[in-house]
Each structure stands twice: as C-alpha cells, then as structure tokens.
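Structure record follows, encoded as structure tokens.
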Amino acid sequence: MTSNAPSHHAAIVATRLGGPLQTITVPTPSPGPDEVLVRVLWASPTPFNNWQKDFGLAVAEWPAFLGENSVGTVTALGSDVTSLDVGDVVFGYTHGPPKVQSFQEYIVVPARRLGRVPASLDPRAAATVPGNFITAWWSFTHYLGVGLPYDLPAKEKPARYDEPILIWGGATSVGQYAIQILKQAGYTNVITAASPRHSILLKSYGARIIIDYRAPLADVHAALLDAANGQKYMKVLDCVGHDKKTIALYRDVVAAGGTVALLLPVQISDEKGEVVSAQSVDSDFGDFPEGVKSVGVRTHFYQTDEELYEKLQPEVMPRLFGSGVIKPNAFRVVEGESLQERVDESLRHLREGLVSGEKLVFAVDA
Numbered sequence: 011m012t013s014n015a016p017s018h019h020a021a022i023v024a025t026r027l028g029g030p031l032q033t034i035t036v037p038t039p040s041p042g043p044d045e046v047l048v049r050v051l052w053a054s055p056t057p058f059n060n061w062q063k064d065f066g067l068a069v070a071e072w073p074a075f076l077g078e079n080s081v082g083t084v085t086a087l088g089s090d091v092t093s094l095d096v097g098d099v100v101f102g103y104t105h106g107p108p109k110v111q112s113f114q115e116y117i118v119v120p121a122r123r124l125g126r127v128p129a130s131l132d133p134r135a136a137a138t139v140p141g142n143f144i145t146a147w148w149s150f151t152h153y154l155g156v157g158l159p160y161d162l163p164a165k166e167k168p169a170r171y172d173e174p175i176l177i178w179g180g181a182t183s184v185g186q187y188a189i190q191i192l193k194q195a196g197y198t199n200v201i202t203a204a205s206p207r208h209s210i211l212l213k214s215y216g217a218r219i220i221i222d223y224r225a226p227l228a229d230v231h232a233a234l235l236d237a238a239n240g241q242k243y244m245k246v247l248d249c250v251g252h253d254k255k256t257i258a259l260y261r262d263v264v265a266a267g268g269t270v271a272l273l274l275p276v277q278i279s280d281e282k283g284e285v286v287s288a289q290s291v292d293s294d295f296g297d298f299p300e301g302v303k304s305v306g307v308r309t310h311f312y313q314t315d316e317e318l319y320e321k322l323q324p325e326v327m328p329r330l331f332g333s334g335v336i337k338p339n340a341f342r343v344v345e346g347e348s349l350q351e352r353v354d355e356s357l358r359h360l361r362e363g364l365v366s367g368e369k370l371v372f373a374v375d376a
C-alpha cells in the first residue's frame, strides 16, 4: 500500500566505537508483505544503547542504528497484514536490523512485533512498556521455569504459588513489570531488593518484602534468608547485572539447583568499582556456588517461541495495559531542540545513573 511518507528521513546513529552520535539521512523503506511502516512518535532508551555506543556490544557494523522501544502511527501496510490499520497508534519492541531501530523518524517492522496502544494508555507511558515487559515475561517462562497464563489475572493459583522468588532491582523498569506479572499470575512470595523510597510502590505491585540493598552485606544476607523463612532461593531475576553491586550481594543465598537469570550485559568492575568490561557471551556469569545455574537473558530470542511471538505484543500487551491489570512505568520526558540532542541527553542520564524508579522517553517526531 502506498503512503505519504517522505522518500528519506532522519536517523540517529553511533558513528564509531566510543564516538559521538550523528544525524544522518536514510531512505524510507517500503513494508514487505508481513510488515508495516510506522512514523515514530516516541522512543525510550535503555542502558543497552550505551553499551552499544561505548563498548560496541552487539554492533555488527558502524554506523550503528540504536533504539528498540517505540510508539508510532501506522502509515502503510504490507499486502498480507490484516491485524493493523493505517492510522493505528502502536507500540513495540523492535530490536534487529537498521530498518526496525527506533531512534529514527520511520521504521519498517513485522506486524507481529507491534500492538495497538490502548486508548486509556498515554502514548508516552506506552513507550516504557515493550522491551522491558517482554524481558520480564521471557525471563520467567524461558529461563526460570515460571508458568504464566496469557490471560491475567490468573484464574487459578500456580502449583508453587508461595515459593520465594527474588527480583533484584525491583524499581528498575524490568523489575516493576516482573513484580506485577508475578502478582497477577498468583505468586504471593515475591521478595525484591530496592531502595526503600520505592517500597510503597513495589508493595502495591505485589512485592511482599523489600530489602535495602545498600545495607551492610551481612545484613542483606540475613534479610534475604529471613524473608524466605531460612530457605535459599531457587529462582532469581537480576535486573541490573553487576559483579560487585548485585551478584556479590545475593550469590551465597542461591540454592544448589537454583537458577539466576541476569539481564545482559553483566558489568565487570575493577577494584575501584569502575566498570571495565561487559560480559554477554554464554559462560558462567558471576562465579556462583557449585550447582547454581546462571544464564544471561536475551530478550530478542522470545521470537523463537512461535506462540509467544504471535501473542505477546499483538494481543497480551494491549490487553493487560488497556485493562489496567499491569501499570506502566512512571516516565520522564527528555527535552532538546533536536532529535539528536534528546537522544544524547537521554543516554547521558542513563550513563551517569540519574534515573531511578522511572523510564526516560523522548519525542522523535517533534
């Protein structure tokens, strides 16, 4: 189908390893049979974008196109697409080749990677959802063996509903979605490590106990064990992934036979605590005790589960957020006179650790 999209559009790219961002002009592609053309309205950055830019993580070639989370308007449909219409406002996680990356004015995306933004959901809040919601869901179902029905809240309690599950970094975007998903699926013994200032929010989302990760190590260990009635944990989701700031704090309370799923990359620091490398290849993440399995979460692999790929973004996301069963993250709009300034400022805030308990979003089409 034809559209009124321009022949070319602006895209923000990382020019080289550790180099500056740059605005370039690229051809606006036409959608293939199962794809749609989307005019991007809002995007939300992630720490992964800085790892790409500063460390070259998962960059096949330079310049590197960035951005995986977006909200936009469908402007053209491929010949086989029946699930969406021109004019629909959609949100999606679209990690992949340059044409799907969201820090540009137009993207071409398989329809299965998009869902309609519910009328009740602010488009800016919708931009906080896709990648981190999918990360939480995929971590549970694929890596940690936590069963989740597509229709939440669950109609029946899961078999091990009271098993202690540890979410490290509950105030992160992924952490907030993880806690809510577990509660709505019927899990009642969710323990999280987070700053105490987020306790009220996280308890409302379903965390039973919030542990202050900044307490002395012995106190953290004691609190973790006490929260689980003296048990060590069989299931841990680490939403931060840092050798000293997270792994070292809970490593010894994971049970033999247990699994730790870590968001990638795992940050490796020197004696001063400065991050010097990023571990993202399959290996023994975190030097855990014998019998503990540690795995790195690769969100884009959710597409290998055909049923999940068909349902999660097109059906499940719109339903859960439209009904209010799952709440979006609080968001902060990053301002700037140009798209490049807004991307630069967003990545700076993430790099300098200036974000807590909220998600950054910025306008692409401003």
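Under my numbering, think of the first position of the sequence shown as 11, with each following residue one higher. A virtual CB, placed ideally from N, CA and C, is assigned to each residue, including glycine.
Exercise for the section: At 3 residues or longer, and completely inside the segment 207-278: list those beta strand (DSSP E) runs for me, N to C. Expected result: 217-221, 243-248 and 264-273
Problem - Contacts around Ile22, its chain only, beta-carbon distance under 7 Å, and the 5 residues preceding and following it disregarded - result: If we look at Ile22 and ignore the five residues flanking it on each side, its Cβ neighbours are Leu31, Thr33, Leu76, Phe113, Gln114, Leu349, Gln350 and Val353.
Handout entry: Of the listed residues Ala24, Gln323, Asn14 and His252, nearest to Pro39 (C-alpha basis)
Key = Asn14
Handout entry: Counted within 10 angstroms of its Cβ, other Cβ atoms place Arg358 as buried (16 or more) or exposed
Key = exposed
Exercise for the section: Mind reading off the beta-carbon distance from Phe101 to Val127? Whole number of angstroms is fine, and I expect it under 8 Å. Expected result: 5 Å
Practice task
Go through its chain and collect everything with a Cβ distance to Val250's Cβ below 6 Å, but skip five positions before and after it.
Solution key: These residues qualify, in order along the chain: Gly179 and Thr256.
Handout entry: Ala373 - containing beta strand (DSSP E), residue span
Key = Lys369 to Ala373
Practice task
Could you tell me whether the Cβ atoms of Ile191 and Leu158 are closer together than 9 Å?
Solution key: yes
Handout entry: Backbone CA spacing between Asp95 and Leu87 [nearest angstrom]
Key = 7 Å
Practice task
State yes or no: is the C-beta of Ile201 within less than 9 Å of the C-beta of Ala237?
Solution key: yes
Exercise for the section: Please say whether Pro163 and Gly195 have beta carbons closer to each other than 9 Å? Expected result: One detail in the question is off: residue 195 reads as Ala in this sequence, not Gly. Yes.
Practice task
Compare the beta carbon distance of Pro439 and Trp72 with 9 Å and say whether it is the shorter of the two.
Solution key: Outside the shown range of the chain (11 to 376) lies residue 439, about which nothing can therefore be said.
Problem - Beta-carbon spacing of Pro324, Thr138 below 9 Å - result: no
Practice task
Classify Gly268 as buried or exposed, calling it buried when 16 or more other Cβ atoms lie within 10 Å of its own Cβ.
Solution key: buried
Exercise for the section: Report the partner residues of Thr138 according to the DSSP bridge assignment. Expected result: In DSSP, Thr138 forms no bridge with anything.
Practice task
With a threshold of 16 other CB atoms inside 10 Å of the CB of Lys63, please say whether the residue is buried or exposed.
Solution key: buried
Problem - Other residues of its chain near Asn199: CB distance less than 7 Å, five sequence neighbours each side excluded - result: Asp172, Glu173, Pro174, Ile175 and Arg218
Problem - Separation of Val285 from Ser205, as counted between CA atoms - result: The straight-line gap separating the alpha-carbon atoms of Ser205 and Val285 is approximately 21 Å.
Practice task
Could you tell me which of Val230, Leu330, Phe298 and Leu370 sits nearest to Trp147, measuring between CA atoms?
Solution key: Closest by alpha carbon: Leu330.
Handout entry: Length-filtered (3 minimum) beta strand (DSSP E) runs lying within the segment 75-158
Key = 79-87, 99-103 and 116-120
Problem - Extent of the continuous beta strand (DSSP E) run through Gly306 - result: Start and end: Lys303 to Val307.
Exercise for the section: Could you check how far apart the C-beta atoms of Asp446 and Gln277 are, in whole angstroms? I think they sit under 8 Å. Expected result: Not covered by the structure: residue 446. The range shown for the chain is 11 to 376.
Practice task
Grab me the residues of Val18's own chain with a C-beta within less than 7 Å of its C-beta, minus the 5 sequence neighbours each way, in chain order.
Solution key: Looking at the sequence shown, residue 18 is not Val but His. Hits under 7 Å: Thr35, Val36, Pro37 and Thr38.
Practice task
Compute the Euclidean distance between the alpha carbons of Val246 and Asn142, then round it to the nearest angstrom.
Solution key: 17 Å
Handout entry: Cutoff 6 Å; reference Met11; Cβ partners in own chain excluding five residues on either side
Key = Low confidence applies here, because Met11 scores a pLDDT of 49, under 50, leaving its location unreliable; read the following figure in that light. Here the set comprises Ala86 and Leu87.
Exercise for the section: Identify the continuous beta strand (DSSP E) that holds Phe311 and give its terminal residues. Expected result: Premise fails: Phe311 is in no beta strand (DSSP E) and is neither H nor E.
Problem - beta strand (DSSP E) segment containing Pro328, residue limits - result: Where Pro328 is concerned, there is no enclosing beta strand (DSSP E), although the alpha helix (DSSP H) it sits in stretches over Met327 to Ser333.
Problem - Same chain only: Cβ atoms within 6 Å of Ile220, ignoring 5 sequence neighbours per side - result: Thr202, Ala204, Ser209 and Leu212
Handout entry: Proximity of Leu131 and Thr104 at Cβ, strictly below 9 Å
Key = no
Handout entry: Selected residue, minimal CA-CA separation from Lys369, among Phe341, Leu274 and Asp375
Key = Phe341
Practice task
Locate the alpha helix (DSSP H) running through Arg361, then write down its first and last residues.
Solution key: Leu349 to Arg361
Handout entry: Distance CB(Val69)-CB(Val84) smaller than 9 Å
Key = no
Handout entry: Expected contact under 8 Å - CB spacing of Asp44 and Val110 to nearest Å
Key = About 13 Å separates the Cβ atoms of Asp44 and Val110, ruling out a contact at the 8 Å cut-off.
Exercise for the section: Please classify Val46: does DSSP put it in a helix, a strand, or coil? Expected result: strand
Practice task
Note the first and the last residue of the continuous beta strand (DSSP E) segment covering Ile177.
Solution key: Ile175 to Trp178
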